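Trainee: In this note's numbering, the protein residues as written are 727 to 769. Ideal Cβ positions, reconstructed from N, Cα and C, are used throughout, including at glycine. It should be emphasised that the depicted structure is a prediction, and the values quoted were computed from it without experimental measurement.
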Amino acid sequence: METVGNLICDFLDHPNDDKNRTKVKGGIQEMTQKFPMNQFRLD
727 METVGNLICD
737 FLDHPNDDKN
747 RTKVKGGIQE
757 MTQKFPMNQF
767 RLD
């Protein structure tokens, strides 16, 4: 949860900075690869 919070804060600190967006997006992709959630989808 700390990682999620840090990613949110990083984005909110500089929402219009493209370099920051890329960094946050990379962090999200890394986390979702470690902890895939597709098996829990309810579509």
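Which residues in the same chain as His740 place their Cβ atom closer than 7 Å to its Cβ, once the five residues preceding and following it in sequence are excluded?
Mentor: As a first step, residue 740 is located in the sequence shown; it is residue number 14 there, counting from the start. Contacts found: Asn746.
Trainee: Using CA coordinates, which residue listed in Pro762, Ile754 and Asp744 is at the minimum distance from Glu728?
Mentor: Against the sequence shown, residue 728 aligns to sequence position 2. Ranking the options by Cα distance to Glu728, first place goes to Ile754.
Trainee: Pick helix, strand or coil for Leu733, following the three-state DSSP scheme.
Mentor: Here residue 733 is taken as the residue at index 7 of the sequence shown, counted from 1. DSSP places Leu733 in helix when its eight states are reduced to three.
Trainee: Is Asn746 helix, strand or coil when you go by DSSP?
Mentor: Here residue 746 is taken as the residue at index 20 of the sequence shown, counted from 1. Asn746 falls in the helix class under three-state DSSP.
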